[in-house]
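To start, the structure under review is shown below, and the notes come after it.
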Amino acid sequence: QDENEWNFGVEPGWGRGGSLGCNAYGADGSASPYGYNSIVGSTFRCTARDFARLGYLWLRGGRWGNRQLVPAGWLRQATRRFVRDDGSSPANYGYTFWVQDQWEDVPADTFMSRGHNLNDCYIIPSLDLVVARQGNSNPNRPERDRFSHQLIRQIIAALPAG
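Numbering (my numbering), first residue to last: 1264 to 1425.
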């Protein structure tokens, strides 16, 4: 096994116009007459390893190596709870990210990308942690929230002290 197998930060990652070293991903072209999926957050497919790479990009504020690929300001805004003009907020949703600010026993900076069938990527900047999970079930929202909360708590509890 390659010594860098799990150290995503040492690999090339993404560059302008495509993904360097990204093994398997795709977008379903059937959703758009233009040949690409024009719905943000829909029908993107990738391996758990590549999902972890995306999480690492988000963890690093949109930076990969010495290149800023996603504007850091946009990521800061996207990973906060969305607030409407009237001051209301739709659950714990940011801009394409779920913000876990309602759980007192996990770090307040926890956010995630949620996909179909519990294919999720959890990012906790204060712990320098990215967890990509592949699943094959589609629970209702309360069950999914309970599962995610329990999983994050168990992962945090398993981390080495210090």
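Ideal Cβ placement from N, Cα and C applies to all residues, glycine included.
So what does DSSP say about residue i, is it helix, strand or coil?
{"i": "A1335", "result": "helix"}
{"i": "D1395", "result": "Checking the sequence, you will find Ala at residue 1395 rather than Asp. Residue state, collapsed to three classes: strand."}
{"i": "F1307", "result": "strand"}
{"i": "D1383", "result": "strand"}
{"i": "G1323", "result": "The sequence given here has Arg at residue 1323, not Gly. Three-state DSSP puts R1323 in coil, outside helix and strand."}
{"i": "R1330", "result": "strand"}
{"i": "D1313", "result": "helix"}
{"i": "G1318", "result": "helix"}
{"i": "A1424", "result": "coil"}
{"i": "A1354", "result": "coil"}
{"i": "G1389", "result": "Checking the sequence shown, residue 1389 turns out to be Ser, not Gly. Note: S1389 maps to helix in three-state DSSP."}
Looking only at C-alpha atoms, which of the options sits nearest to residue i?
{"i": "A1424", "options": "L1390, N1382, A1395", "result": "L1390"}
{"i": "W1337", "options": "A1315, F1360, Y1319, S1351", "result": "F1360"}
{"i": "P1402", "options": "L1381, F1314, L1422", "result": "L1381"}
{"i": "T1342", "options": "H1379, A1421, S1411, D1364", "result": "D1364"}
{"i": "G1357", "options": "Q1340, R1312, D1348, A1395", "result": "Q1340"}
{"i": "Y1319", "options": "R1377, G1378, H1379, A1395", "result": "A1395"}
{"i": "S1400", "options": "R1347, I1387, N1329, G1378", "result": "G1378"}
{"i": "D1408", "options": "P1388, L1422, S1376, V1393", "result": "S1376"}
{"i": "L1317", "options": "L1422, L1414, Y1385", "result": "Y1385"}
{"i": "L1322", "options": "V1393, A1420, S1411, L1422", "result": "V1393"}
{"i": "D1313", "options": "T1373, D1349, D1383, D1348", "result": "D1383"}
{"i": "W1366", "options": "S1411, F1307, A1421", "result": "S1411"}
Mind checking which residues open and close the alpha helix (DSSP H) that includes residue i?
{"i": "A1371", "result": "Note, A1371: premise wrong, no alpha helix (DSSP H); not H, not E."}
{"i": "Q1363", "result": "It is not in any alpha helix (DSSP H) - Q1363 carries neither H nor E in the DSSP assignment."}
{"i": "A1421", "result": "1404-1421"}
Skipping 5 residues on each side, what residues in its chain have a beta carbon closer than 7 Å to that of residue i?
{"i": "P1353", "result": "F1345"}
{"i": "E1406", "result": "none"}
{"i": "A1371", "result": "D1364"}
{"i": "P1388", "result": "L1322, D1372"}
Using C-beta distances below 8 Å, list every residue in its chain close to residue i, excluding the 5 sequence neighbours before and after it, in chain order.
{"i": "G1325", "result": "Q1331, L1332, V1333, P1334, A1335, W1337, L1338"}
{"i": "N1355", "result": "R1344, W1361, V1362, Q1363, D1364, Q1365"}
Between residue i and residue j, how many whole angstroms is the CB-CB distance? I'm expecting something under 8 Å.
{"i": "V1362", "j": "R1416", "result": "At roughly 17 Å, the Cβ-Cβ gap does not stay under 8 Å, so V1362 and R1416 are not in contact."}
For residue i, report the span of its beta strand (DSSP E) as first-last.
{"i": "Y1358", "result": "Y1358 -> no beta strand (DSSP E), and no H or E assigned at all."}
Between which residues of its own chain and residue i is the CB-CB distance below 6 Å, once the five residues before and five after are set aside?
{"i": "A1311", "result": "A1395, Q1397"}
{"i": "F1374", "result": "T1342, F1360, V1362, I1386"}
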